[in-house]
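A short worksheet on the structure shown next.
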Amino acid sequence: MRSYVSLLFVAGLAFLLFVITGQLEFGAAPMRVGQAINQTSPAEVGAANIVTSVVLGYRALDTLGELAILFTAATAGGLMLGRPRAGAAHDPDAGFILRTASDLLFPLLLVVGLFIIVHGHLTPGGGFQGGVILAAAFFLPLLARPGTHFNHAVFSVFEGLAGAAFIVIGLLGLVYGGEFLAPLLGQGEMGSLLSAGTLPLLYIAVGLKVGTELAGLMAHIAAYEAVDS
Amino acid sequence: MTPPDLGAILFSGAFGLVVIGILGIVMSTHLVRIVLSIVLLETGANLLLMLSGYRAGAAAPIIIDGVIPAAMVDPVPQALVLTAIVIGVAVQAFMMTLVLRLRSVYGTLDIRELRTCLERDIAQEAGIGLPTSDNLPETPGVGPVRTQGGDA
Amino acid sequence: MSPVLMFVLPLLAAFLLPVVARGSPRAGRLFGPLVLSLNCVIGILAWATVSEQTQVIALGGFAPPFGIAFYIDRLALLFAIAVSLGVLLLWPDAGEDEAAQRENTLTLVLAASATGLALSGDLFNIYVFYELTAVATYGLAAGRRNGAAYAAALRYVVISSFGAALMLIGIALVYMATGTLNLAQLAQLAPGMLDGPLGLAAFVFILIGAGVKAELFPVNTWVPEVYAAASKRVAGLLAGIISKLALLIIVRLLVLVFQQAEALQILLLLGVLGVVTGELAAWTARDLTRMLAYSSIGQLGVMFIAFSIPGPAGLYAGLAVALHHMVVKPALFLLAERQGGALERLAGSAQASPVACALFVLLVLSLIGIPPLPGFWAKFLVVTAALAQPGTDYLLAVVVILLAAVVEASYLFRVIVQLYRRVPAARVGGGHDSATLTISAALGLVLIAVVLWLAPIGDGLRGIAAQAADRAGYIQAVLPDGASS
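Taken in sequence, the protein lines are chains A, B and C. Using the numbering used here, read the first sequence as starting at 1019 and increasing by one per residue. Using the numbering used here, read the second sequence as starting at 567 and increasing by one per residue. Using the numbering used here, read the third sequence as starting at 148 and increasing by one per residue.
Here it is, written out as structure tokens:
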């Protein structure tokens, strides 16, 4: 009975969506705000990647919120998972291929991740994308040698400080720039690495935070035991 | 293909993902399938948001070698979807930790069995009989006897 | 002091809490309440300036509609202060171990995000803060970390994610139609662009999304289990404060963007359904927490009915009910912490802790709506505002509200009878701890204070509602040069 009602509901929703599709035009975005941003962003913010100037300039508060969501989810996940299993330190290593590949790929992934983070204002990419690659770099040793001790303390301190760095840069914008998260430090020459003021710094903070956060969460999942109250 | 057909295809794709996701959430009985359906649903919603910024014949909003393209697509939906994807990933990661914990506490990932366990545990804590049970005493302060289910 | 600090400081504190707690667990324990107290001070200081004139903060120095704007009128600031105060009062004082420190972090994030929700003036920004609030509540809902908590929390997460995806679809539809996300510019553009079926569909999607936390029918099925499985302080936070914030954003959207009559009708219908299902379910409930949870759903239904009445009168009535519920429900949940569980187990509570039971009676009387308590006055406002509207649907809503009050009285009196039933001294349980008692007593005193100063508080609220309903004023404040092309 319940599944029939649900099916009916979904059918109704699908019909509603189908009706809406007829009303939508593709390829003719009104761009009421987007057009102006495209035109003024090179002069106002100075980032070659205009999407970055939106993410870290015009809508920087959304990025802060997004960062906070990832942090909160990781904290909540850590709360769920609790202390590591007693036998976690003695998990067997993975096979030869995985171990060797992990040793080879770890530095490569770190470099790629950092590259994408640091160039976020010039090319597509940025803190979140690069941060995930950094986290993937840490996943590999976790998978290859599950018994290695993962220093949660260092990672969580790093994570907290990176997040705080984002907010502190924003507060400096409040003090020196007039508003919270106002871009500082001049714009430099567009297209060069040192351009767009504080935007690369913000992305570095984001990338480091995301990387350490996801790595910590994965380490928790890999070796958990929860203390039930 | 001419652009209008492309638009219809893309929008149908986005809404199709949404409908499949909702169907999955509503009809699945396995917890991991429900999580995957949520992933599909969010993917469809993100795709829809992305499509809202396209302007025909315009280029990507990136300035390469100082050359500013004449017409650029809307950068705002791209920033919005970036945020939305990360939010989705965060929630899905948390959902998976909950799934892991449920598996270890109750030993099952079937939502029907989990529903029974949940109601039983809540009723036990409150000290009342289960609403649908007909063979358990209603003595206040004494819960029903546990017949099955994993203890942590 | 810029009110944006009310959002930034708790968030900064949340990020730094793991670092601080690693240095000194004692400092970690006190850090949160300290920051929240500072927040309350900033809010109260800002009240004086905002009373003269609404404040618009352009984040990052980018003027709206290109950047995100915070719009701070008295309604927003009132809720921001209420969030800080409420989270401070309901702070989960669980100790100094790592789990407690994580819960404190989540609570700080909750305070920050709820404040952001109250202050924000941008549609997608509201979505981001809404999701932030959601994730914080996911963690807190599963905070007791037993099987029931995990299961209830997972159900909540699934329903909430479904709602969030729908909300995102609604936002996408709005953006496709108008090309902007700033609420003021949307208010300007809405009459032309959002009054057709596309706008109505967008409203329905966003309503379902925000309605998950506002305990709207039919996405409120998560409520009873989560309230039962979480600690009562968390239940108080969810029922008292977070649900009101979700309601606030729906109200803002109704006032500014979605002006169609159909939108109000949908809200009225869902409100009536919420009242009916909530109160009937509460009547059949056999344990106190479930009863309070369903009663919460019913009360929120009354608020939806109030907000579906167009104009400042509806806003005023809904605001009164919302603030009243914000005071009463957390207090009830706090008292139920010790007494929660089967109704039969409540017998003898009056002997164990007479003060708590007297408080309980006071709160219950206000909830039902017995004069001269504030609950009566709030419901009276809703009824009179609804009766002033033409049409039979509002008349039906009034009938439903009055019948619901009767049902409420019947099941709540049943509880009181149990409380005061005498049992042999050997079976009398323990009393409440002093912290719970003090907080509940403080909230009870607030109720009494409202009774004493009813007239000035009423005028103040009426002014706040009038300011919030002033659409033209909002547009003028945020976009002084009238942006849209």
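Just so it is clear, CB atoms sit at the ideal spot from N, CA and C, and this is done for glycine as well.
Neighbour list for residue i in chain C, Cβ cutoff strictly below 7 Å
i	result
Tyr672/B	Gly294
Leu1079/A	Leu206, Ile215 and Asn272
Ile694/B	Arg433, Asp434 and Ala489
Identified DSSP bridge partners for residue i
i	result
Gln202/C	Ile219/C
Val633/B	Ile630/B
Tyr1242/A	Pro1102/A
Ala311/C	None, per the DSSP bridge assignment.
Asp676/B	His596/B
Met638/B	Ala625/B
Asn329/C	Asp269/C
Ala489/C	Asp434/C
Asn1067/A	Ile628/B
Ala1046/A	Arg621/B
Top-ranked residue by Cα proximity to residue i, from the options
i	options	result
Val282/C	Ala295/C, Leu255/C, Gly294/C and Ile191/C	Leu255/C
Val234/C	Glu278/C, Gln202/C and Leu185/C	Leu185/C
Leu237/C	Ala615/C, Leu566/C, Arg618/C and Ser587/C	Ser587/C
Gly632/B	Phe1157/A, Arg1077/A, Gly1165/A and Thr1141/A	Thr1141/A
Met638/B	Gly1113/A, Phe1146/A, Ser1174/A and Pro1060/A	Pro1060/A
Pro477/C	Glu199/C, Gly591/C and Leu403/C	Gly591/C
Cα-Cα separation, residue i to residue j
i	j	result
Pro703/B	Cys683/B	Confidence is the limiting factor: at Pro703/B the pLDDT is only 39, short of 50, which leaves the residue's position unreliable, though a coordinate-based value still follows. Roughly 18 Å between the two C-alpha positions.
Leu1042/A	Glu1084/A	29 Å
Leu1097/A	Glu250/C	8 Å
Ser1021/A	Gly346/C	30 Å
Ala483/C	Ile353/C	33 Å
Leu411/C	Val529/C	15 Å
His472/C	Gly242/C	29 Å
Arg569/C	Ala552/C	28 Å
Ala1162/A	Leu510/C	59 Å
Ser308/C	Gly1095/A	16 Å
Leu506/C	Gln565/C	15 Å
Arg561/C	Pro518/C	20 Å
Val474/C	Leu594/C	8 Å
Glu491/C	Ile563/C	11 Å
Leu1219/A	Leu1189/A	14 Å
Leu264/C	Pro571/C	51 Å
Glu409/C	Ser171/C	56 Å
Thr280/C	Met314/C	15 Å
Ala158/C	Ala615/C	For the record, residue 158/C in the displayed sequence is Leu; it is not Ala. Going by the C-alpha atoms only, they are around 27 Å apart.
Gln714/B	Ala1233/A	Bear in mind that the predicted position of Gln714/B carries a pLDDT of just 37, short of 50, making it unreliable; the figure below should be weighed with that in mind. Spanning the two alpha carbons is a distance of roughly 37 Å.
Val711/B	Gly387/C	Legend: pLDDT at Val711/B = 40, less than 50; position of this residue unreliable, no value from coordinates given.
Ala453/C	Leu608/C	15 Å
Thr663/B	Ile273/C	27 Å
Under 7 Å from the C-beta of residue i: neighbouring residues of chain B
i	result
Val1073/A	Ala645 and Leu648
Arg399/C	Result: empty, since nearest Cβ-Cβ is about 19 Å, beyond 7 Å.
Val1051/A	Val642
Chain A residues whose Cβ lies nearer than 8 Å to that of residue i
i	result
Arg169/C	Ala1171, Ser1174 and Val1175
Asp631/B	Gly1209
Gly573/B	Leu1042, Glu1043, Phe1044 and Gly1045
Partners in chain A for residue i, counting only beta-carbon separations shorter than 9 Å
i	result
Ala622/B	Phe1044, Gly1045 and Ala1046
Within chain C, partners of residue i - CB distance below 9 Å
i	result
Glu608/B	Ser308, Ala311, Ala312 and Leu315
Ile1239/A	Going along chain C, no residue has its Cβ under 9 Å from Ile1239/A, so there is no contact; the nearest lies around 15 Å.
Leu1189/A	Leu152, Val155 and Leu159
Chain A contact residues for residue i, given Cβ-Cβ distances below 7 Å
i	result
Asn367/C	Those within 7 Å of Asn367/C in chain A number zero; the least Cβ separation is about 16 Å.
Met616/B	Simply none; closest approach about 11 Å.
Ser578/B	Thr1039
Where residue i meets chain B, residues with beta-carbon distance less than 8 Å
i	result
Tyr277/C	The contacting residues do not exist; Tyr277/C stays about 10 Å from chain B at best.
Glu1062/A	Near Glu1062/A there are no residues of chain B at all, since even the closest Cβ is about 13 Å away, more than 8 Å.
Val304/C	Val657, Phe660, Met661 and Leu664
Tyr297/C	Leu664, Arg667, Leu668 and Val671
Per-residue contacts from residue i into chain B (C-beta, under 9 Å)
i	result
Ser1021/A	Val592 and Met593
Neighbouring residues, chain C, relative to residue i (Cβ below 8 Å)
i	result
Ile1055/A	Phe213
Requested in this report: Inspect the CB distances between the region 1183-1200 of chain A and the region 204-223 of chain C and report whether three or more fall short of 8 Å.
Outcome: yes
Requested in this report: Evaluate the contact criterion for the region 1210-1226 of chain A versus the region 1112-1125 of chain A: three or more CB pairs, one atom per stretch, below 8 Å.
Outcome: Judged by Cβ distances under 8 Å, the region 1210-1226 of chain A makes no contact with the region 1112-1125 of chain A, as fewer than three pairs qualify.
Query raised in the report: If we count Cβ pairs, one from each stretch, closer than 8 Å, do we get three or more for the region 532-546 of chain C versus the region 413-432 of chain C?
Result: yes
Query raised in the report: Are the region 369-377 of chain C and the region 293-310 of chain C touching, with three or more C-beta to C-beta distances below 8 Å?
Result: By the criterion of at least three beta-carbon pairs nearer than 8 Å, the region 369-377 of chain C is in contact with the region 293-310 of chain C.
Query raised in the report: Does the region 1176-1191 of chain A touch the region 152-166 of chain C, meaning 3 or more C-beta pairs lie closer than 8 Å?
Result: yes
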